[in-house]
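**Student:** Numbering (the working numbering), first residue to last: 298 to 397. Just so you know, even glycine gets a beta-carbon here, dropped at the ideal spot from N, CA and C. Provided herewith is a single structure, encoded as structure tokens, for subsequent inquiry.
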């Protein structure tokens with residue numbers, strides 16, 4: 298199993314972080330098998346593109362909410378890590394309070 302679960306949508310409340318605000322969060326290691334995806338479908342063009350990280354953040358975006366880690370952005374990066382036999386990846390993790 299690569300991920301903890303495959304989700305379809307974001308169960309957590311809207312956080313409203315901009316790309317600049319995400320960039321302020323230092324990356325940390327996250328185990329792939331602890332992540333729940335927020336997308337059930339992946340475009341293979343994104344996965345296989347050589348410049349897939351050229352226009353975006355180099356680190357996936359993860360939202361921690363109610364004890365779970367949701368992979369909000371960077372599914373193709375996470376799958377590339379799995380294809381290279383890696384069990385962890387570096388991601389920016391936003392901790393949302395449960396009451397939000």
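Tell me the residue span of the alpha helix (DSSP H) that contains residue 372.
**Tutor:** In the chain shown, counting from the first residue as 1, residue 372 sits at position 75. 372-380 is the span of the alpha helix (DSSP H), which, as asked, contains residue 372.
**Student:** With DSSP run on the structure shown, which of helix, strand or coil describes residue 341?
**Tutor:** Along the chain shown, read from residue 1 onward, the residue named residue 341 stands at position 44. Three-state DSSP puts residue 341 in a helix.
**Student:** Would you please state the rounded distance, in angstroms, between the beta carbons of residue 327 and residue 359? I believe it to be under 8 Å.
**Tutor:** By one-based count along the chain shown, residue 327 stands at place 30. By one-based count along the chain shown, residue 359 stands at place 62. Their Cβ separation, rounded to whole angstroms, is 6 Å, which keeps residue 327 and residue 359 in contact under 8 Å.
**Student:** Compare the C-alpha of residue 385 against each of 391, 321, 395 and 374 and name the closest.
**Tutor:** Start at 1 with the first residue of the chain shown, and residue 385 comes out as number 88. Among 391, 321, 395 and 374, the Cα nearest to that of residue 385 is on 374.
**Student:** Hey, how far is the Cα of residue 370 from the Cα of residue 380?
**Tutor:** By one-based count along the chain shown, residue 370 stands at place 73. By one-based count along the chain shown, residue 380 stands at place 83. In a straight line, the C-alpha of residue 370 is about 18 Å away from that of residue 380.
**Student:** Suppose the cutoff is 6 Å on Cβ atoms and the five residues either side in sequence are ignored; what does the same chain contact list for residue 395 look like?
**Tutor:** Position 98 of the chain shown, counted from the start, is the residue given in the question as residue 395. Contacts found: 363.
**Student:** Let's see if you can read the secondary structure: which residues bound the beta strand (DSSP E) around residue 325?
**Tutor:** For the purposes of this step, residue 325 is identified with residue 28 of the chain shown, where counting begins at 1. Looking at the DSSP string, the run of the beta strand (DSSP E) that includes residue 325 is 324-328.
**Student:** Does the Cβ of residue 337 have 16 or more other Cβ atoms within 10 Å, making it buried, or fewer, making it exposed?
**Tutor:** The residue labelled residue 337 in the question sits at position 40 within the chain shown. Residue 337 should be labelled exposed.
**Student:** State the DSSP-derived secondary structure class of residue 331, mapped to helix, strand or coil.
**Tutor:** On the chain shown, residue 331 is found 34 positions in, with the first residue counted as 1. Reduced to three states, the DSSP call for residue 331 is helix.
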